[in-house]
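> Structure incoming, see below.
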Amino acid sequence: MANKRLSKLSKLKSSELEPDEQSLADEDGHAFSLSGVLSLATEENMNSLYTNGKERTNSVDNASGDDDGSDDSYDKLQSISSMSNSISRGLSISIIKQKTVKVNFDILDTRITGRRKHVLYTLVVTRTPGLDSDKAIIERRYSEFLKLYKELKKSFPDFMETIKFPEKKITGNLKDSVISERKRLLQNFIQDSHENEDIRNSDIFKKFFYIESLQQGCQYICGGMFEQALNFLLNGLHLQQKLALDSTNEVIETLCSIIECYTSLKSYDEVVKYSNASLELIEDDISSIYLVPLLQTLKNAYVVLGENTDEIEKRLREVVNVNQIEIEHLPSLRELAVKRFAKR
1 MANKRLSKLS KLKSSELEPD EQSLADEDGH AFSLSGVLSL ATEENMNSLY
51 TNGKERTNSV DNASGDDDGS DDSYDKLQSI SSMSNSISRG LSISIIKQKT
101 VKVNFDILDT RITGRRKHVL YTLVVTRTPG LDSDKAIIER RYSEFLKLYK
151 ELKKSFPDFM ETIKFPEKKI TGNLKDSVIS ERKRLLQNFI QDSHENEDIR
201 NSDIFKKFFY IESLQQGCQY ICGGMFEQAL NFLLNGLHLQ QKLALDSTNE
251 VIETLCSIIE CYTSLKSYDE VVKYSNASLE LIEDDISSIY LVPLLQTLKN
301 AYVVLGENTD EIEKRLREVV NVNQIEIEHL PSLRELAVKR FAKR
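Following UniProt numbering, the numbering of the sequence shown begins with 1 at its first residue and continues without gaps.
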């Protein structure tokens, strides 16, 4: 059975989070906004997600509306074990390898929020438009789009000369006509930027979508708060899957961080599921620093589940012998997760 598990296509599961983008000021860029928190929605609940969109107030405001420099996003996310709306999406990790798939970006909704009123734009990401009922959804305000535009313009000036971006306005930002025009231009800006291979694989573009979510997840692992870490890591993984980036190694890193969380939470079926997904991506790369600790973790999960470990032990011996390494000197998955963003 172990052999079959190692070769079969893994199916991944994560949770459905309501958008919890938190902002403290207007679009002048003098306030902070917590990135990386997204919502997962199926076709069936997409309409209900936006029914009262303009009335929702998920942002956090202090008395003055000024930025105090703090980041309390950790406290705002629910524990993954307490969520009643989790969904089993059945996504295969093999879609990571599909580099030519069409990725579509749509701004389907906006909402006005905060004491110093500003607009949040709901950006929906899908693969193979019309067929993908599993959508990744993030909320960003105009100032965040503007920051992305300016950073891309510095790094990719020639390409960005062809991009039309909605101009900043001092007044009238809440008018329906302004919001409608911005929706159209911001959507086109993201779509066109993603279609440029260099831009979509840049750290600038990734940070806008999911890097901060992964960073926060790894910080939680460092603090031993594994349920909270899963919220951020699963969110980040979902966007990594959707964006069709040339970042297989980054996905492996995220998967192994998720595996560490499930191992610490003793959710061994999930450990097996995500371990198989990671091995599917690593393939025959015996030089991967994640391979040995991953195989060890999978072996331990099989032992707990009463599965046969012969196939895993055989592969583990082969990797150790070929690389001529001593297992005790290798970092664990937890150490790798904690150090992942240490140099950034």
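Virtual Cβ for every residue (Gly too), placed ideally from N, Cα, C.
Owing to the predicted nature of the structure, the values given are computational and were not obtained by experimental measurement.
What do you reckon, are the CB atoms on S257 and G224 nearer than 8 Å?
For the purposes of this step, residue 257 is taken as the residue at position 257 of the sequence shown. For the purposes of this step, residue 224 is taken as the residue at position 224 of the sequence shown. No, Cβ-Cβ distance for S257 and G224 is not below 8 Å.
> Ignore the nearest five residues each way along the sequence and tell me which others in A229's own chain have a CB closer than 6 Å to its CB.
In the sequence shown, the residue the question calls residue 229 occupies position 229. G217, Y220, I221 and C261, listed in sequence order.
> Provide the residue span of the beta strand (DSSP E) that contains T113, from first to last.
Here residue 113 is taken as the residue at index 113 of the sequence shown, counted from 1. Looking at the DSSP string, the run of the beta strand (DSSP E) that includes T113 is V103 to T113.
> Taking contact to mean 3 or more Cβ pairs, one atom from each stretch, closer than 8 Å, check whether the region 236 to 249 and the region 163 to 175 are in contact.
The region 236 to 249 vs the region 163 to 175: no contact.
> In three-state terms, what does DSSP make of I137?
Position 137 of the sequence shown, counted from the first residue, corresponds to residue 137. Note: I137 maps to strand in three-state DSSP.
> Look up R127 in the DSSP assignment and give the residues it is bridged to.
Your numbering for residue 127 matches position 127 in the sequence shown. Beta-bridge pairing links R127 to V103.
> If we ignore side chains and look at the alpha-carbon of each, how far apart do E270 and I289 end up?
Within the sequence shown, the letter at position 270 stands for residue 270. Within the sequence shown, the letter at position 289 stands for residue 289. Between E270 and I289, the C-alpha separation is close to 21 Å.
> Going by C-alpha distance, which of V103, R115 and P331 is nearest T297?
For the purposes of this step, residue 297 is identified with residue 297 of the sequence shown, where counting begins at 1. When each option's Cα is compared against that of T297, the closest is P331.
> Contact check, L316 vs L295 under 8 Å by CB: the rounded distance?
Here residue 316 refers to the residue found at position 316 of the sequence shown. Here residue 295 refers to the residue found at position 295 of the sequence shown. Contact flag correct, Cβ pair sits at about 5 Å.
> For T263, does the three-state DSSP call read helix, strand or coil?
Within the sequence shown, residue 263 is the residue found at index 263, counting from 1. Of the three classes helix, strand and coil, the one that applies to T263 here is helix, per DSSP.
> Could you say which of R140, F105, K135 and V103 lies nearest to L120 if we only look at CA atoms?
Numbered from 1 along the sequence shown, position 120 holds the residue referred to as residue 120. Among R140, F105, K135 and V103, the Cα nearest to that of L120 is on R140.
> Buried or exposed, going by whether 16 or more other CB atoms sit within 10 Å of the CB of R184?
Start at 1 with the first residue of the sequence shown, and residue 184 comes out as number 184. R184 is exposed by the Cβ-count criterion.
> Roughly how many angstroms lie between the CA atoms of Q215 and F341, to the nearest whole one?
As a working note, residue 215 is residue 215 in the sequence shown. As a working note, residue 341 is residue 341 in the sequence shown. Those two C-alpha atoms are separated by around 6 Å.
> S82: buried (16+ other C-beta within 10 angstroms of its C-beta) or exposed?
Taking the first residue of the sequence shown as 1, we reach residue 82 at position 82. Here S82 scores only 29 on pLDDT, less than 50, and its place in the model should not be relied on; the value that follows carries that caveat. Exposed.
> Below 8 Å on the Cβ atoms is my contact criterion, and I expect E144 with P166 to pass it. Report the Cβ-Cβ distance as a whole number of Å.
The residue labelled residue 144 in the question sits at position 144 within the sequence shown. The residue labelled residue 166 in the question sits at position 166 within the sequence shown. About 13 Å; that fails the 8 Å criterion.
> Considering just the uninterrupted stretch of the alpha helix (DSSP H) at R184, what are its terminal residues?
One-based indexing of the sequence shown puts residue 184 at position 184. Residues D176 to H194.
> Considering only C-alpha positions, which residue in the set K206, Y274 and K153 is nearest to S247?
Within the sequence shown, the letter at position 247 stands for residue 247. Of the listed residues, the one whose Cα sits closest to S247 is K206.
> Could you tell me which residues DSSP puts in a beta bridge with V119?
By one-based count along the sequence shown, residue 119 stands at place 119. V119 is bridged to I112.
> Less than 8 Å between the beta carbons of I112 and L152, yes or no?
As a position in the sequence shown, residue 112 is number 112, starting the count at 1. As a position in the sequence shown, residue 152 is number 152, starting the count at 1. Cβ distance not < 8 Å, so I112 and L152 don't count as in contact.
> With distances taken from CA atoms, which of D109, F208, D134 and S213 is nearest D176?
Here the question's residue 176 lines up with position 176 in the sequence shown. Nearest of D109, F208, D134 and S213 to D176, Cα basis: D109.
> If you compare alpha carbons, which of S264, E283, S267 and I259 is closest to S275?
Position 275 of the sequence shown, counting from 1, holds the residue named residue 275. Considering only alpha carbons, the answer is I259.
> Please state the DSSP three-state secondary structure of N276.
Walking along the sequence shown from the start, residue 276 turns up at place 276. DSSP places N276 in helix when its eight states are reduced to three.
> Return the Cβ separation of I211 and D192 in integer angstroms, given the expectation that the two are a contact with Cβ distance under 8 Å.
One-based indexing of the sequence shown puts residue 211 at position 211. One-based indexing of the sequence shown puts residue 192 at position 192. Not confirmed; about 21 Å, so no contact.
> Can you give me the Cβ contacts of Y268 inside the same chain, cut-off strictly under 7 Å, excluding the 5 residues immediately before and after it?
Counted from its first residue, the sequence shown places residue 268 at position 268. Result list for Y268: A301, V304 and L305, in chain order.
> In terms of residues, what are the limits of the alpha helix (DSSP H) holding I286?
Start at 1 with the first residue of the sequence shown, and residue 286 comes out as number 286. Where I286 is concerned, there is no enclosing alpha helix (DSSP H), given that its DSSP letter is neither H nor E.
> As a quick exercise: from S287, N308 and D285, pick the residue whose alpha carbon is nearest that of V272.
Position 272 of the sequence shown, counted from the start, is the residue given in the question as residue 272. Residue N308 is the option with its Cα nearest to V272.
> Given this structure, state the Cα-to-Cα distance separating R200 from I327, to the nearest angstrom.
Taking the first residue of the sequence shown as 1, we reach residue 200 at position 200. Taking the first residue of the sequence shown as 1, we reach residue 327 at position 327. Approximately 37 Å between the Cα atoms of the pair.
> Once you ignore the five residues that flank A63 on each side, which residues in its own chain have a CB closer than 6 Å to its CB?
For the purposes of this step, residue 63 is taken as the residue at position 63 of the sequence shown. The pLDDT assigned to A63 is 27, lower than 50, so where the model puts this residue is not dependable, and the model offers no usable value.
> Compute the distance between the beta-carbons of L255 and S287, then report whether it is under 8 Å.
For the purposes of this step, residue 255 is taken as residue 255 along the sequence shown, with counting starting at 1. For the purposes of this step, residue 287 is taken as residue 287 along the sequence shown, with counting starting at 1. Their beta carbons are not under 8 Å apart, which means L255 does not touch S287 by this criterion.
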